[in-house]
Ligand code: COA
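Structure (structure tokens):
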């Protein structure tokens, strides 16, 4: 079975992270499948709303660390077209995606498992969420446009504190900060996301697309993502990142 499940039901395409044994850490294959899912959703007018959800206890433990280790030479190679790497293709697809995007989040969300939420238009969360951004602790920099999106969303000081001090944010705090729209039980999560999607289905697709278009500047965001990405790639060889990854892989 694929690590990304795709299911179209009555205008709602659900893309489900399906690697629960590894806390849904995102591999290259998963980025590719998500990118294809978003491309399909863009092209198919029967798809009106996309929901990103995850199987298992946790939403996503960030980028797969084995992949980071394996791809280090590619990340460092200036002759490689980094925009064409699976993670950047996915980030580009989500940045330019122009239909409503809903996330349904439970349990732990780490790294890109959090920063991808900043690209979603609506986020429904289970009451057990724990959101963390360990980039600085790992000697890296925040990515996926989060250095632009997060301060815009919650203010500079709170964004900086979260990124630099590495606190874990729970459901109520996330709701108060405006990072999630609603908090529900774990059991009620899928239904809550479906209910949101069904409300959107009642609206005009073109009104939604134009509204989303006015609210975001994907070109600017993509330039920030590329700039963050260039530094992120260099920082992968920082002593802190190397030590953290080796320690994780040696467990
Ligand atoms: N990449 C690859 N594998 C990962 C992973 C990741 N990012 N996160 C978790 N896993 C794997 C673990 O290796 C473990 O696999 P195993 O059972 O084969 O040993 C499995 O998922 C369960 O993880 P575990 O660490 O035992 O769960 P936990 O509940 O104790 O801790 C986390 C959960 C998310 C706190 C912890 O797994 C973690 O810190 N992961 C790394 C997060 C990270 O730094 N991501 C990159 C950000 S840039």
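Residue numbers (the numbering used here): 1443 to 1693.
Every residue, glycine too, gets a C-beta built ideally from N, C-alpha and C.
Determine the direct distance from the alpha carbon of residue j to that of residue i, and round the result to whole angstroms.
| i | j | result |
| --- | --- | --- |
| residue 1716 | residue 1539 | Shown here, the chain extends from 1443 to 1693; a query on residue 1716 therefore has no answer. |
| residue 1510 | residue 1692 | 14 Å |
| residue 1641 | residue 1563 | 13 Å |
| residue 1645 | residue 1461 | 33 Å |
| residue 1669 | residue 1649 | 32 Å |
| residue 1667 | residue 1630 | 34 Å |
Taking 6 Å as the cut-off, is the C-beta of residue i nearer than that to any heavy atom in the ligand COA?
| i | result |
| --- | --- |
| residue 1498 | no |
| residue 1667 | no |
| residue 1464 | yes |
| residue 1552 | yes |
| residue 1467 | yes |
| residue 1506 | yes |
| residue 1485 | no |
| residue 1584 | no |
| residue 1503 | yes |
Between which two residues does the beta strand (DSSP E) containing residue i stretch?
| i | result |
| --- | --- |
| residue 1459 | 1454-1459 |
In its own chain, which residues sit with a C-beta less than 7 Å from the C-beta of residue i, not counting the 5 before and 5 after it?
| i | result |
| --- | --- |
| residue 1558 | 1536 and 1586 |
Residues in the same chain with beta-carbon distance under 6 Å from residue i, minus the five sequence neighbours each way, listed in chain order, please.
| i | result |
| --- | --- |
| residue 1551 | 1501, 1502 and 1573 |
Could you pull out every residue in the same chain whose Cβ sits closer than 8 Å to the Cβ of residue i, ignoring the five residues on either side in sequence?
| i | result |
| --- | --- |
| residue 1492 | 1454, 1455, 1456, 1457, 1479, 1480, 1483, 1539, 1541, 1542, 1543 and 1544 |
| residue 1634 | 1546, 1566, 1624 and 1626 |
Following the continuous alpha helix (DSSP H) through residue i, name the residue where it begins and the one where it ends.
| i | result |
| --- | --- |
| residue 1446 | No alpha helix (DSSP H) holds residue 1446; the beta strand (DSSP E) holding it covers 1446-1451. |
| residue 1635 | 1631-1643 |
| residue 1537 | 1528-1538 |
May I ask you to report which of helix, strand or coil DSSP gives residue i?
| i | result |
| --- | --- |
| residue 1548 | coil |
| residue 1471 | helix |
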